[in-house]
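Colleague: Numbering-wise (numbering that gives the first Met the number 0), the sequence shown opens with residue 0 and increments by one.
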Amino acid sequence: MKSFKYIWLLCLASLSAVFTACNDSDEYFDGKYQSTAIVINKIYLEDHNSSVPDRLVDYARLGQLIRVEGSGLYGMKKVYINGYDTYFNRAYVTDNSMLIQINSKTPVVDADPQVRDVIQFVKDGTDTRFTFTIRAASPVISSVSNTLPQPGETVYVYGTGLQETTKLTFPGGTALSTGIVSDEAGAWYSFTMPEGITQGGSLYSEGANGIAATPAYFNNANGMILDFDGNGSQGFWSWSESGSMINDKDLVDDPLNSGRGKVVQIVPERLISAGGIAPGKPRATEVWTAGNGNDMDDWSRMYPYIPQTTPLTEVAFQFDVLVPDKWVGTGHIQVVLFNNFNFSGVGSDDDSASKQAAFYVPWIQEGEVVPFTAGAWQTVTIPFSEFGKYKALVEDQQAPTFQMVVDERNAATYKNFGLGFVNTDFTYQGVEVTSTTFTTRVYLDNWRVVPYESITISDYPEEGEE
Numbered sequence: 000m001k002s003f004k005y006i007w008l009l010c011l012a013s014l015s016a017v018f019t020a021c022n023d024s025d026e027y028f029d030g031k032y033q034s035t036a037i038v039i040n041k042i043y044l045e046d047h048n049s050s051v052p053d054r055l056v057d058y059a060r061l062g063q064l065i066r067v068e069g070s071g072l073y074g075m076k077k078v079y080i081n082g083y084d085t086y087f088n089r090a091y092v093t094d095n096s097m098l099i100q101i102n103s104k105t106p107v108v109d110a111d112p113q114v115r116d117v118i119q120f121v122k123d124g125t126d127t128r129f130t131f132t133i134r135a136a137s138p139v140i141s142s143v144s145n146t147l148p149q150p151g152e153t154v155y156v157y158g159t160g161l162q163e164t165t166k167l168t169f170p171g172g173t174a175l176s177t178g179i180v181s182d183e184a185g186a187w188y189s190f191t192m193p194e195g196i197t198q199g200g201s202l203y204s205e206g207a208n209g210i211a212a213t214p215a216y217f218n219n220a221n222g223m224i225l226d227f228d229g230n231g232s233q234g235f236w237s238w239s240e241s242g243s244m245i246n247d248k249d250l251v252d253d254p255l256n257s258g259r260g261k262v263v264q265i266v267p268e269r270l271i272s273a274g275g276i277a278p279g280k281p282r283a284t285e286v287w288t289a290g291n292g293n294d295m296d297d298w299s300r301m302y303p304y305i306p307q308t309t310p311l312t313e314v315a316f317q318f319d320v321l322v323p324d325k326w327v328g329t330g331h332i333q334v335v336l337f338n339n340f341n342f343s344g345v346g347s348d349d350d351s352a353s354k355q356a357a358f359y360v361p362w363i364q365e366g367e368v369v370p371f372t373a374g375a376w377q378t379v380t381i382p383f384s385e386f387g388k389y390k391a392l393v394e395d396q397q398a399p400t401f402q403m404v405v406d407e408r409n410a411a412t413y414k415n416f417g418l419g420f421v422n423t424d425f426t427y428q429g430v431e432v433t434s435t436t437f438t439t440r441v442y443l444d445n446w447r448v449v450p451y452e453s454i455t456i457s458d459y460p461e462e463g464e465e
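(1) Would you kindly work out how many angstroms separate the C-alpha atoms of I39 and G62, rounded to a whole number?
(2) Going by C-alpha to C-alpha distance, which of D395, A357, V327 sits closest to V369?
(3) Is it buried or exposed for K122, if we count other Cβ within 10 angstroms and need 16 for buried?
(4) Measure the C-alpha to C-alpha separation of Q355 and L321 and round it to an integer number of angstroms.
(5) If you reduce the DSSP assignment to three classes, tell me which class S189 lands in.
(6) For M223, which beta-bridge partners are listed by DSSP?
(7) Are F316 and K414 close, meaning C-beta to C-beta below 7 Å?
(8) Does the segment 227-245 touch the segment 448-456, meaning 3 or more C-beta pairs lie closer than 8 Å?
(9) When the Cα atoms are used, what is the spatial distance from E394 to D349?
(10) Using DSSP bridges, identify the partner residues of L64.
(11) If N145 and R115 are in contact, beta carbons under 8 Å, what's the gap, nearest whole angstrom?
(12) At which residues does the beta strand (DSSP E) containing Y32 begin and terminate?
(13) Please report the distance separating the alpha-carbon of D252 from that of M295.
(14) Would the segment 99-118 count as touching the segment 61-79 if we require 3 or more Cβ pairs under 8 Å?
(15) Tell me, to the nearest whole angstrom, how far the beta carbon of L517 is from that of P382; I am working on the premise that it is less than 8 Å.
(16) Would the beta-carbon of G160 fall within 7 Å of that of P138?
(17) Comparing C-alpha positions only, which one of R447, S343, K388 sits nearest to V421?
(18) Exposed or buried, which one is V448 when buried takes at least 16 other CB atoms within 10 Å?
(19) Assign K388 to buried or exposed, taking buried as 16 or more other Cβ atoms, counted over all protein chains shown, within 10 Å of its Cβ.
(20) K325: buried (16+ other C-beta within 10 angstroms of its C-beta) or exposed?
(21) Roughly how far, in whole angstroms, is the beta-carbon of V154 from the beta-carbon of I140, given that I think they are within contact range, below 8 Å?
(22) Taking the alpha-carbon of I133 as reference, which of I42, A391, V262 has the nearest alpha-carbon?
(23) In chain order, what are the residue ranges of uninterrupted beta strand (DSSP E) at least 3 long that sit wholly in the segment 259-335?
(24) Return the CA-CA distance between Y459 and P361, expressed in angstroms with no decimal places.
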């Protein structure tokens, strides 16, 4: 049986070779076909995995298989897509139909403007051009520089395939089509945040390769925990001039005067003025929410915006950071779900698979020391699936949900959510760090919980899909 299959495949291959062999005596090249007018009526996308395997379309992407419908196609010698000489198999050419796979090397945004979005069909005695949009892979957004910007601030959106972004649609429906700057390689686009955007959700963009969207975290303050201006309450106790606790008197005005009001300096000026944070010091500073008895500290209030069944890979903690001067070589921030931690940092007992803690070390990236500065406010995003306990559950093929986070906070003896600065020796991403005195000014604001589910935009959504 197996031998018969091989013989059958060999026969098919030989037959295909007979049909596709190029020689002038082949009927395919007969003059009567070479001079017959070429007419293109429609183009279809061929996808056997789709519920519509032969779909009428007005654009296609690199690598996709299309079927051209018309007349006078038999005898076709050349097909140029965006000027690129595109191979096709003559075995799949009839007078009324032909199959073409769009080569991945076909130029798109860098195609000659005279031939961009044009398919040229060529025979010896005639040719025709058919206007048809060619796109690269679907655009994807990976991050946003500032997800809670003030009007007038510049926002960068990063990803792939973002070339020629020409339109943005903000949560609530406001559209922007001017002042958008796009990277030629499609790695980012930027815009100035307009006035009057009051709703939160996904930011949609339209460009050369189609539509992309951010998670529903843009301008989203529904899950605000603490903004140091009345949304959420700060908690503090046992304060002293040289102590770790940060109180409301330690808060400062936004150094950029951007409209954010009060912000927290994670190492207060009183400690920097006293010489900074000494090397080897855990729990150097700490800042907390009010905790027990405060309605804002019961996160079940967020269920209307983030359903309790949401996987923790799709929920994140965000805060905004400003670092005017270089931060490198020492110090990191620890984030804790409730008040039962030592703020002893990376590599300590707080950094175990049973603890609800995460860490922010911006000056170590992909195993390399990279000095970090943020001259404008930037957003930091930490998915809850990166907190030690939940990360271990995900790696163990379990599926922790947002309800687990809420329940564990509400069951805690002290429900304060907090961030602290740690200046110990530690190893992170393979980098061994020996701490030194820390005197850099690092400002934080707008602690919030946000949706983090990636938004996939289908080219041809089926009924009931996005």
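Don't be surprised by glycine CBs; every beta carbon is placed ideally from N, CA and C. Model, not experiment: these values are computed from the prediction.
Modeller: To lay it out plainly:
(1) Approximately 21 Å between the Cα atoms of the pair.
(2) Checking every option, the nearest Cα to that of V369 belongs to V327.
(3) With 16 or more other Cβ atoms inside 10 Å of its own Cβ, K122 counts as buried.
(4) Roughly 25 Å between the two C-alpha positions.
(5) Per DSSP, reduced to three states, the secondary structure at S189 is strand.
(6) R447, per the DSSP bridge assignment.
(7) No, Cβ-Cβ distance for F316 and K414 is not below 7 Å.
(8) No, the segment 448-456 does not touch the segment 227-245.
(9) Going by the C-alpha atoms only, they are around 19 Å apart.
(10) DSSP links L64 through a beta bridge to E45, Q100.
(11) In this structure N145 does not touch R115 by the C-beta definition: roughly 34 Å separates them, more than the 8 Å allowed.
(12) It is not in any beta strand (DSSP E) - Y32 instead sits in the alpha helix (DSSP H) that spans 30-33.
(13) If you take the alpha carbons of D252 and M295, they lie about 23 Å apart.
(14) A contact exists between the segment 99-118 and the segment 61-79.
(15) Nothing can be reported for residue 517: it is not among the residues displayed for the chain, which extend from 0 to 465.
(16) The answer is yes: Cβ separation under 7 Å.
(17) It is S343 whose Cα lies nearest to the Cα of V421.
(18) Flag for V448 reads buried.
(19) K388 is buried by the Cβ-count criterion.
(20) Taking every protein chain shown into account, the CB of K325 has fewer than 16 other CB atoms within 10 angstroms, so this residue is exposed.
(21) Not confirmed; about 12 Å, so no contact.
(22) The shortest Cα separation from I133 among I42, A391, V262 belongs to I42.
(23) Scanning the segment 259-335 from its first residue to its last, the whole beta strand (DSSP E) runs of 3-plus residues come out as 261-264, 280-288, 314-326, 331-335.
(24) Rounded to the nearest angstrom, the gap between the Cα atoms of Y459 and P361 is 39 Å.
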